[in-house]
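Report on the structure given below.
There are 2 protein chains.
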Amino acid sequence: MARIVMKFGGTSVADLDRIRNVATRVKREVEAGHEVAVVVSAMSGVTNQLVKWCTELSPLHDAREYDTVVATGEQVTTGLLAIALQTIGVDARSWQGWQVPIRTDGAHGKARVEEIEGARLIERMSGGQVPVIAGFQGIGPRERITTLGRGGSDLSAVAVAAAVRADRCDIYTDVDGIYTTDPRIVPRARKLAAVAYEEMLELASVGAKVLQTRSVELAMKQKVRVQVLSSFEDKPGSLVVDEDEIVEQPLVTGVAYSRDEAKVTLRRVPDKPGIAATVFGPLADANVNVDMIVQNLGSDGTTDMTFTVGKAEVPRAREVLEKSRAEIGYSEVVADPEVTKISIVGIGMRSHAGVAATMFKTLAEKGINIQVISTSEIKTSVLVGAEYTELAVRALHTAYGLDAPA
Amino acid sequence: MARIVMKFGGTSVADLDRIRNVATRVKREVEAGHEVAVVVSAMSGVTNQLVKWCTELSPLHDAREYDTVVATGEQVTTGLLAIALQTIGVDARSWQGWQVPIRTDGAHGKARVEEIEGARLIERMSGGQVPVIAGFQGIGPRERITTLGRGGSDLSAVAVAAAVRADRCDIYTDVDGIYTTDPRIVPRARKLAAVAYEEMLELASVGAKVLQTRSVELAMKQKVRVQVLSSFEDKPGSLVVDEDEIVEQPLVTGVAYSRDEAKVTLRRVPDKPGIAATVFGPLADANVNVDMIVQNLGSDGTTDMTFTVGKAEVPRAREVLEKSRAEIGYSEVVADPEVTKISIVGIGMRSHAGVAATMFKTLAEKGINIQVISTSEIKTSVLVGAEYTELAVRALHTAYGLDAPA
């Protein structure tokens with residue numbers, strides 16, 4: 001007997017047939033003797049319609065009223081799924097954020113979960129009832145409905161799993177697990193049986209958008225074992241767990257890529273102490289997220305400073321840099337959106353030297369020029385020309401022995 | 001300065017343009033210096049869709065989950081209207097039933113309002129903020145969402161008006177007031193400036209479906225002054241108030257009709273004490289609502305017993321009567337759905353004799369046979385053949401001097 005939280009996203013509850021299908025899956029777990037709670041998203045398309053209405057009335061709508069409107073999407077699903085479960089003989093009841101309660105801060109539209117009262121849910125579950133909980137929403141200060149931001153239902157599921165001390169949090173989605181890389185680029189990509197939290201965080205941050213980053217962070221912090229699996233097929237998915245649980249650790253777990261960043265270069269910046277602060281301070285103040293940074297010292301006492309920002313943030317970055325032009329003293333700003341960030345991720349990199357060297361050698365052999373390099377404890381990322389994306393990913397996937405047997 | 005509750009039904013908030021229109025109307029009252037609270041229904045069509053989903057999943061769905069699902073319709077409207085109001089500079093916030101709270105009993109799907117906390121609403125209103133309250137819903141025992149049944153938003157509005165001690169409750173709808181009779185039958189029907197609560201109750205019960213009956217009962221009990229007016233046109237509507245407020249009281253205020261009833265006759269019932277109880281006891285037990293009753297004594301010690309029930313209830317009535325056939329001892333049951341109940345209503349009838357006589361004389365002159373008569377203190381109803389409906393209504397409207405000047 002285990003205690004399981006099952007989470008179903010918008011496409012899994014898109015219509016009544018799919019809701020019935022979800023009910024059948026839940027029933028199977030209940031009949032296997034497990035204690036089950038379910039977290040659901042809005043039926044797909046519903047949230048978009050609600051957001052559209054708010055935006056049409058006012059682009060600058062009150063975030064509190066926006067939350068009141070969009071939270072109804074999940075509320076509808078909870079009631080319908082509870083009915084579908086009861087219809088096939090499973091005791092169930094719906095729970096909204098304010099009923100649990102799922103307490104959040106007051107940051108409407110992107111609230112943080114502060115506390116979930118698990119006692120009543122546990123009591124119901126041990127009595128054989130399935131709580132069907134609205135994802136994506138909570139209750140903030142002054143009894144206002146809050147929402148957790150896009151993808152927030154994953155976060156709700158992990159938070160509920162922590163609150164009821166679940167053995168596992170199963171995230172049902174439209175992919176069937178986490179792969180060594182994007183199977184659309186590498187047909188021989190393998191589904192991973194298990195990924196460490198830290199690896200998942202790095203993979204998520206570089207574009208493997210299976211799980212919302214905040215939900216992985218929370219799972220790691222609260223030691224919630226997460227499984228990603230398909231709601232349409234009937235096979236095991238991928239576990240996201242503590243690294244201690246992963247018996248065989250490859251050097252590199254996956255190859256990820258992101259086309260979301262652009263490269264910005266400041267030419268001929270005077271090389272003097274404090275110059276980095278002069279460049280990046282104003283960008284941070286303007287909420288421009290800077291990722292990779294590299295600085296090349298020239299022979300004439302000036303340096304070219306290169307960094308990456310989100311493609312959508314290039315105009316804002318230019319504006320900020322223009323304002324501090326006098327202070328920084330650069331000659332020109334060059335932005336290049338035609339770049340891709342390629343990363344190798346693996347907790348094995350912590351204890352093994354030379355992992356990154358294989359990356360550089362592999363890319364060199366394919367004639368791919370590396371524009372920027374950045375590293376973390378379990379990740380090495382390089383920026384390359386966008387046209388090399390597929391070539392680089394495939395070569396690295398093979399080089400690190402990740403290809404499935406032919 | 002007055003304190004006003006404004007209620008807008010589904011057609012008045014059917015889309016964003018109409019919601020903006022409602023916001024403009026609310027703003028006008030606020031700018032006139034009034035304290036305003038608003039009660040809204042779901043956007044028209046939304047509730048039907050939600051009900052359909054519940055019913056498709058299970059015809060015998062859990063009423064608690066049904067309430068959770070359908071209450072979202074009003075929630076969406078509250079948020080959108082709050083945004084629309086803020087956009088034109090009116091301070092506003094949405095309130096769901098559980099936030100106010102509007103406490104009800106646990107009769108899900110048709111709950112009764114037990115108590116509304118008015119203090120916080122009054123505080124907001126006197127601070128210049130407009131509470132936008134979800135109609136049709138409340139919170140029952142164990143923190144479950146309840147709904148008040150179809151048309152329940154009228155009830156919500158009157159209950160809120162009582163709770164905040166409003167000077168008036170304005171019900172905006174798709175008709176512009178209460179008429180002396182149905183203008184589709186009598187083009188010269190007149191809009192009434194004021195109607196007494198008791199009259200409105202009798203008019204509602206015989207088919208003038210402008211206001212939900214329970215909301216009129218509550219208004220009468222709590223002395224809430226109600227105004228019915230159009231949300232599409234800009235002119236005063238009809239007041240529903242205490243009879244003391246109505247200065248000039250005509251003998252007859254209106255002529256109403258109902259095609260919802262059928263006539264049932266039990267032939268040759270033995271005329272003995274207790275026979276009425278034998279007939280109507282089992283019908284009441286089976287929840288069959290009996291309205292008009294008449295009994296004609298024959299010369300042979302038997303009697304024909306005639307009464308009316310809702311047309312939809314005829315099969316159930318037949319079934320009940322069949323079961324008690326031996327006990328009652330009638331010869332046959334005859335049901336006739338081709339009847340209409342015509343009523344004249346007016347508090348003036350209390351103090352004036354001969355009002356009903358004019359009705360009988362008028363119908364006789366037109367050659368209309370009266371099948372059953374029933375009377376109350378302020379109403380006289382007759383059952384006539386359905387084909388005489390328009391003729392009877394027109395003749396009575398003229399006879400009681402209700403026609404507008406030509």
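Same order as they appear, the protein sequences are chains A and B. Residues 1 to 406 (full-length UniProt numbering) make up the first sequence, in order. Residues 1 to 406 (full-length UniProt numbering) make up the second sequence, in order. Yeah, the Cβ is synthetic: ideal placement off N, Cα and C, and Gly gets one too.
Measuring CB atoms only, is the region 254 to 263 of chain A touching the region 294 to 301 of chain A, in the sense that at least three cross pairs come out at less than 8 Å?
Too few Cβ pairs lie closer than 8 Å, so no.
Give me the Cα-Cα distance between residue 385 of chain A and residue 370 of chain A, rounded to the nearest whole angstrom.
Rounded to the nearest whole angstrom, the C-alpha separation of residue 385 of chain A and residue 370 of chain A is 8 Å.
Quick one: any contact between the region 263 to 282 of chain A and the region 385 to 403 of chain A, if contact means 3 or more CB pairs under 8 Å?
Segments in contact, no.
Please report the straight-line C-alpha distance between residue 37 of chain A and residue 130 of chain A, rounded to a whole angstrom.
Rounded to whole angstroms, residue 37 of chain A to residue 130 of chain A spans 5 Å at the Cα level.
Tell me which residue opens and which closes the alpha helix (DSSP H) that residue 222 of chain A is part of.
Its alpha helix (DSSP H) spans residues 213 to 222.
Measuring CA to CA, which of A:326, A:148, A:198 is closest to residue 244 of chain A?
It is A:198 whose Cα lies nearest to the Cα of residue 244 of chain A.
Can you tell which of B:246, B:160, B:267, B:363 has the C-alpha that lies nearest to the C-alpha of residue 219 of chain B?
Nearest C-alpha to residue 219 of chain B: B:160.
Evaluate the contact criterion for the region 340 to 359 of chain A versus the region 246 to 258 of chain A: three or more CB pairs, one atom per stretch, below 8 Å.
Yes, since at least three Cβ pairs between the region 340 to 359 of chain A and the region 246 to 258 of chain A fall closer than 8 Å, the two stretches touch.
If we count Cβ pairs, one from each stretch, closer than 8 Å, do we get three or more for the region 8 to 24 of chain B versus the region 49 to 64 of chain A?
The region 8 to 24 of chain B is in contact with the region 49 to 64 of chain A.
Can you tell me which of B:246, B:189, B:135 puts its alpha carbon nearest to the alpha carbon of residue 405 of chain B?
It is B:189.
Under the three-state reduction of DSSP, which class applies to residue 343 of chain B: helix, strand or coil?
Of the three classes helix, strand and coil, the one that applies to residue 343 of chain B here is strand, per DSSP.
How many Å lie between residue 113 of chain B and residue 107 of chain A at the Cα?
Between residue 113 of chain B and residue 107 of chain A, the C-alpha separation is close to 33 Å.
Which residues does DSSP pair with residue 39 of chain B in a beta bridge?
DSSP output for residue 39 of chain B lists B:7, B:133 as bridge partner(s).
Pair within 8 Å by beta-carbon distance, residue 148 of chain A and residue 194 of chain A:
Contact: no.
Residues from the region 363 to 378 of chain A in contact with chain B, defined by Cβ distance under 7 Å
Per Cβ criterion, the list is empty.
With which residues is residue 64 of chain A paired in a DSSP beta bridge?
DSSP, once it has assigned bridges, lists no residue as partnering residue 64 of chain A.
Please state whether the Cβ-Cβ distance between residue 156 of chain B and residue 35 of chain B is less than 8 Å.
In this structure, residue 35 of chain B does not lie closer than 8 Å to residue 156 of chain B by Cβ.
Under 9 Å from the C-beta of residue 54 of chain B: neighbouring residues of chain A:
Taking a Cβ-Cβ cut-off of 9 Å, the neighbours of residue 54 of chain B in chain A comprise 79, 80, 83, given in sequence order.
Taking a Cβ distance cut-off of 9 Å, strictly less, list which residues of the region 58 to 72 of chain B are near chain A, in chain order.
Per Cβ criterion, the list reads 58, 60, 61, 62, 64, 65, 66, 67, 68, 69, 70, 71, 72.
Using the beta-carbon of each residue, which ones in chain B are nearer than 8 Å to residue 50 of chain A?
Against chain B, a Cβ distance below 8 Å from residue 50 of chain A picks out 76.
By alpha-carbon positions, which one of B:335, B:365, B:377, B:334 ends up nearest to residue 355 of chain B?
It is B:377 whose Cα lies nearest to the Cα of residue 355 of chain B.
With DSSP as the reference, please indicate the residues paired to residue 95 of chain B in a beta bridge.
Per DSSP, B:133.
Check whether the Cβ of residue 94 of chain A lies closer than 8 Å to any Cβ atom in chain B.
With 8 Å as the cut-off, residue 94 of chain A counts as an interface residue toward chain B.
Contact list for the region 123 to 155 of chain B against chain A, Cβ threshold 7 Å
For the region 123 to 155 of chain B, the residues whose beta carbon sits under 7 Å from a beta carbon of chain A are, in order, 143.
Taking 7 Å as the cut-off, does the CB of residue 370 of chain A come closer than this to any heavy atom belonging to the ligand COA?
The ligand COA is not part of the structure shown, which contains no ligands of any sort.
Take residue 223 of chain A and list the residues in its own chain whose beta-carbon comes closer than 7 Å to its own, dropping the five residues that flank it on each side.
If we look at residue 223 of chain A and ignore the five residues flanking it on each side, its Cβ neighbours are 242.
Candidates A:49, A:381, A:80: which alpha carbon is nearest residue 258 of chain A's?
That would be A:381, whose Cα lies nearest to the Cα of residue 258 of chain A.
Can you find a CB in chain A that lies within less than 8 Å of the CB of residue 16 of chain B?
Answer yes: the Cβ-Cβ gap between residue 16 of chain B and chain A drops below 8 Å somewhere.
Mind checking which residues open and close the alpha helix (DSSP H) that includes residue 52 of chain A?
Counting along the chain, the alpha helix (DSSP H) containing residue 52 of chain A begins and ends at 46 to 57.
Under 6 Å Cβ to Cβ from residue 313 of chain B, same chain only, skipping five residues before and after it: list those, please.
288.
Chain B partners of residue 87 of chain A, CB-CB under 7 Å?
Here the neighbours are 57, 58.
If you check the beta carbons only, do residue 67 of chain B and residue 145 of chain B fall under 8 Å apart?
In this structure, residue 145 of chain B lies closer than 8 Å to residue 67 of chain B by Cβ.
For a contact defined as C-beta to C-beta under 7 Å, what are the partners of residue 99 of chain B on chain A?
Listed along chain A are 143, each with a C-beta nearer than 7 Å to that of residue 99 of chain B.
According to DSSP, residue 22 of chain B sits in a beta bridge with which residue or residues?
Beta-bridge pairing links residue 22 of chain B to no other residue.
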